[in-house]
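So for the sequence shown, the numbering used here puts the first residue at 44; every next one is plus one.
Each remark here refers to the structure printed beneath this line.
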Amino acid sequence: MATETTDRPKLTYEDYAQIPEDGCQHEIIDGVHYVNPAPSTYHQAVSRRLQFLLYAQIELTKRGVVINAPYDVQLFAHDIVQPDLVVVLNERQHIITPSRIQGTPDLVIEILSHSTESRDRQIKRARYQMAGVPEYWIVDPFARKVEQLVLKEGVYESLSPNDELQLTIIENVTVRLYEVW
């Protein structure tokens, strides 16, 4: 649910940093405050499995880092999101600060929940595209499907993976979906 109205100024990271800890996930998207409930057990299991699969192929081979939520990603002055997983390759490590990622990760993964599906598929997709995120996965744990979006000339192109996902941002990284569900 959005908690800001359009007649107020857009929120920034400084405003976001003042939100008290309450056990919920908070995000600022285009200056609007959103609150998300805690994810389900299955959502977290899917997230953990994806993280481990990517960690083994990216971090253990020293090609980048895989970071899981909760972790702030500041795309723009008025956009602070907490994707379920992000990958930052070695060439872009400079965007990682002690408090957040400031800039565009190489891969963003959002795992759908009933309360965030519309936002993940529409609002966040548009913001990630605008920020130039090269690859965005929308993981639907209920349908057991992944929409793999790859940025081509500033616009996301949807790939249709079947049993395996091949990352486009880095060579020789494959996720076998049967290991995720």
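Backbone N, C-alpha and C fix where the C-beta goes; we use that ideal spot for every residue, glycine too.
Check, Outcome
"Spatially closest choice to R219 from I212, N205 and N79, by CA coordinates", "N205"
"Where G107 falls, given that 16 or more other Cβ within 10 Å makes a residue buried", "buried"
"Opening and closing residue of the beta strand (DSSP E) in which H69 lies", "Q68 to I72"
"Inter-residue Cα distance where the pair is I213 and I101", "9 Å"
"Length at least 3, wholly inside the stretch 54–110: the beta strand (DSSP E) runs in chain order", "68–72 and 75–79"
"Whether V176 touches T211 by CB criterion (8 Å)", "no"
"Within-8 Å CB hit, I110 to chain B", "No chain B appears in this structure, which consists of one protein chain only."
"Beta-carbon proximity of L54 to Q94, cut-off 8 Å", "no"
"Straight-line Cα distance separating W224 from R135", "30 Å"
"Unbroken alpha helix (DSSP H) run spanning Y171, endpoints", "K167 to A174"
"Three-pair Cβ contact test at 8 Å for the stretch 187–207 versus the stretch 66–85", "no"
"Beta bridge counterpart(s) of D183 as assigned by DSSP", "K188"
"L194 burial status per 10 Å Cβ neighbour count (16 or more: buried)", "buried"
"Nearest candidate by alpha-carbon position, reference Y56, set F119, T104 and E160", "F119"
"Span separating the alpha-carbon of I62 from that of A112", "17 Å"
"Own chain partners of D73 with C-beta closer than 8 Å, once the 5 adjacent residues on each side are dropped", "K53, H121, D122, I166 and R170"
"Cut-off 7 Å between Cβ atoms - residues of its own chain near D163, not counting five sequence neighbours on either side", "E153, L155 and I181"
"According to DSSP, residues forming a beta bridge with Q117", "I123 and Q145"
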